[in-house]
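In our numbering, the protein residues as written are 205 to 319. Taking it in order: structure first as structure tokens, then the write-up.
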């Protein structure tokens, strides 16, 4: 199926919306784009909207952990929002909730970050 990604920057946060499958085939481009944004702009937080994400494998989890390490250096946060049941199970089982904040919606994530 592939992956469609929409990214936009609001203040110190990049909002990333996924549609499709976050796997080994798609993660390289996402990682590169997010690394460039974190390096180029005054961004310290990332919100991953996973409402339309249908699949995520270990490379997707690894990509999120890598971005956490980057935002941690800037005292930033990773927020995961709009998770469907299948993706939420993967997130919980992977232990990502130890390093990421879970919010019900993108609006709730914006509120949490004071945006």
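Backbone N, C-alpha and C define an ideal beta-carbon position, used for all residues, glycine too.
- Message: Closer than 8 Å is the cut-off here; do at least three beta carbon pairs connect the region 231 to 240 with the region 299 to 310?
- Response: Counting Cβ pairs under 8 Å, fewer than three are found: no touch.
- Message: Closest to residue 256 by C-alpha separation, out of 225, 276, 308, would be which residue?
- Response: Start at 1 with the first residue of the chain shown, and residue 256 comes out as number 52. If we check each option's Cα against that of residue 256, 225 comes out closest.
- Return helix, strand or coil for residue 233, following the three-state DSSP convention. Translated into positions along the chain shown, residue 233 becomes position 29. In the three-state reduction of the DSSP assignment, residue 233 falls in the helix class.
- Query: Within the 8 Å Cβ cut-off, does residue 276 reach chain D?
  - Reply: Included in the structure is just one protein chain, with no chain D present.
- Message: Which same chain residues end up closer than 8 Å to residue 213 when comparing Cβ atoms and leaving out the 5 residues on each side of it in sequence?
- Response: For the purposes of this step, residue 213 is taken as residue 9 along the chain shown, with counting starting at 1. The residues are 219, 241, 245, 247.
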